[in-house]
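My numbering numbers the first residue of the sequence shown as 1 and each following residue consecutively.
Beta carbons are placed, not taken as given, at the ideal position from N, Cα and C, and that holds for glycine.
Worksheet for the structure shown next.
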Amino acid sequence: MNLKKKNIDEKPMTILITGANGMLGEECTKLLSDTYTVVASDIHASSLMPDSIIYKQLDITNESHVHEIINRFHPEVVVNCAAYTDVDGAEQDKESAWAVNVGGVQNIVEALKKTGGAIIHISTDYVFDGTAGPYGEDVKPNPVNYYGKTKLESEKVLLDSQIPWTIIRTNILFGNTSHQQASFVRWVVEKLSRFENISIVNDQFGNPTWSYGLAMAIYKIIESGKHGLYHYAGKDYINRFEFGLKIAGIYGLDPTLIRKTTTRALNQPANRPFKSGLTCERIEYELAVTIYSVNEALTAMRGNT
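Right under this line is the structure:
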């Protein structure tokens with residue numbers, strides 16, 4: 001399947017982005033709209049996109065609405081950034097987590113079966129148990145919380161779908177965002193700028209991933225027309241406390257305000273994978289993507305604020 005161009009009227013192909021108001025969705029919308037016709041969608045009624053971007057309200061748990069939007073725009077590719085990502089909330093509201101992360105993907109798949117489009121779906125390292133990371137694509141998943149279980153089930157939906165699919169697992173996503181408040185970098189910077197002490201766990205390891213780098217990887221997947229399972233994550237394998245120190249360093253803030261704590265001390269409802277993270281050799285080799293260090297990403301982010 002050639003994903004690069006429509007043959008009708010020489011127009012670029014259409015990309016539907018779900019969850020466009022989220023950090024990654026916003027980054028993908030900005031990047032992909034330079035080359036393709038982008039339809040940005042999110043559950044919110046009001047558009048947070050520039051006027052030049054087509055925006056449609058879309059709740060992916062609403063089957064008829066998903067079919068309506070996909071039938072109307074006939075996207076060659078759906079980039080599914082929509083997800084229920086509240087890890088603790090998923091333990092307490094399993095129905096909602098399943099409806100978005102599994103049911104929503106099923107709805108997109110069924111609609112694409114009728115239009116012939118492909119899907120690029122964002123998944124997570126939380127499909128693994130975090131005992132022996134970082135993980136490659138060939139390692140068998142074993143999630144330790146309900147959020148991870150729903151994301152693994154969403155992957156299974158695609159494996160059984162018989163439509164062209166690409167799954168990209170990522171972890172600890174960070175980046176500049178215009179309209180999402182839940183940003184770890186923003187939280188650290190705002191707290192330290194007010195000279196407030198903060199506590200960050202030092203026993204959860206992963207490789208923090210710049211949202212711009214992941215959006216570029218998605219762009220390269222669309223350009224190449226490749227399908228399959230890929231991991232994309234950052235260059236540095238560090239714990240959350242070390243990540244906080246790097247943020248303080250790049251933004252010129254006082255690192256002594258950051259205190260170590262443990263996951264157990266937080267007493268969170270959901271279990272966390274401790275030694276998680278991802279290896280990215282496959283996507284580096286096949287698509288020549290750039291894997292960014294935390295310092296590279298934070299330096300670029302600070303320059304754009």
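Euclidean distance between Cα positions of residue i and residue j
{"i": "P50", "j": "C28", "result": "13 Å"}
{"i": "I163", "j": "N271", "result": "33 Å"}
{"i": "E131", "j": "I54", "result": "According to the sequence displayed, residue 131 carries Thr and not Glu. Straight-line Cα distance between these residues: approximately 43 Å."}
{"i": "V105", "j": "V294", "result": "31 Å"}
{"i": "Q57", "j": "D93", "result": "23 Å"}
{"i": "S211", "j": "L158", "result": "23 Å"}
{"i": "V378", "j": "G175", "result": "Examination of residue 378 is not possible in this model, given that the chain is present from 1 through 305 alone."}
{"i": "H65", "j": "A265", "result": "43 Å"}
{"i": "G234", "j": "N171", "result": "8 Å"}
{"i": "V77", "j": "I167", "result": "13 Å"}
{"i": "N62", "j": "G303", "result": "40 Å"}
{"i": "I222", "j": "A300", "result": "25 Å"}
{"i": "E26", "j": "G19", "result": "8 Å"}
{"i": "E296", "j": "I43", "result": "32 Å"}
{"i": "D160", "j": "V109", "result": "10 Å"}
{"i": "S199", "j": "T177", "result": "23 Å"}
{"i": "G103", "j": "G228", "result": "21 Å"}
{"i": "R169", "j": "F243", "result": "20 Å"}
{"i": "K191", "j": "A248", "result": "10 Å"}
{"i": "G100", "j": "N107", "result": "The residue you asked about is not Gly; residue 100 is Val in the sequence shown. When rounded, the distance between both Cα atoms is 10 Å."}
{"i": "P12", "j": "Y251", "result": "40 Å"}
Residue i, buried or exposed, once every other Cβ within 10 Å from all chains shown has been counted against 16
{"i": "A97", "result": "buried"}
{"i": "Y230", "result": "buried"}
{"i": "S154", "result": "buried"}
{"i": "T150", "result": "buried"}
{"i": "I41", "result": "The amino acid occupying residue 41 in the given sequence is Ser; Ile does not appear at that position. Buried, because 16 or more other Cβ atoms sit within 10 Å of the Cβ of S41."}
{"i": "N71", "result": "exposed"}
{"i": "F73", "result": "buried"}
{"i": "T262", "result": "exposed"}
{"i": "T290", "result": "exposed"}
{"i": "E95", "result": "exposed"}
{"i": "D34", "result": "exposed"}
{"i": "D236", "result": "buried"}
{"i": "Y292", "result": "buried"}
Beta-carbon gap between residue i and residue j smaller than 8 Å
{"i": "I60", "j": "A45", "result": "no"}
{"i": "L32", "j": "V39", "result": "no"}
{"i": "S368", "j": "L245", "result": "For residue 368 there is no data in the structure shown, the boundaries of the chain being 1 and 305."}
{"i": "N239", "j": "N202", "result": "yes"}
{"i": "L24", "j": "A215", "result": "yes"}
{"i": "R282", "j": "E91", "result": "no"}
{"i": "G22", "j": "P75", "result": "no"}
{"i": "N80", "j": "P134", "result": "no"}
{"i": "E284", "j": "K226", "result": "no"}
Are the segment 141-148 and the segment 84-98 in contact at 8 Å, needing three or more beta carbon pairs?
yes
Pairing CB atoms from the segment 121-137 with CB atoms from the segment 271-285, are three or more of them under 8 Å?
yes
Is the segment 245-260 touching the segment 102-122, taking contact as three or more C-beta pairs under 8 Å?
no
Pick out the complete beta strand (DSSP E) segments inside the segment 105-157, 3 residues or longer, and give them in chain order.
118-124
What are the complete beta strand (DSSP E) segments, minimum 3 residues, inside the segment 188-276?
198-201, 228-231, 258-261
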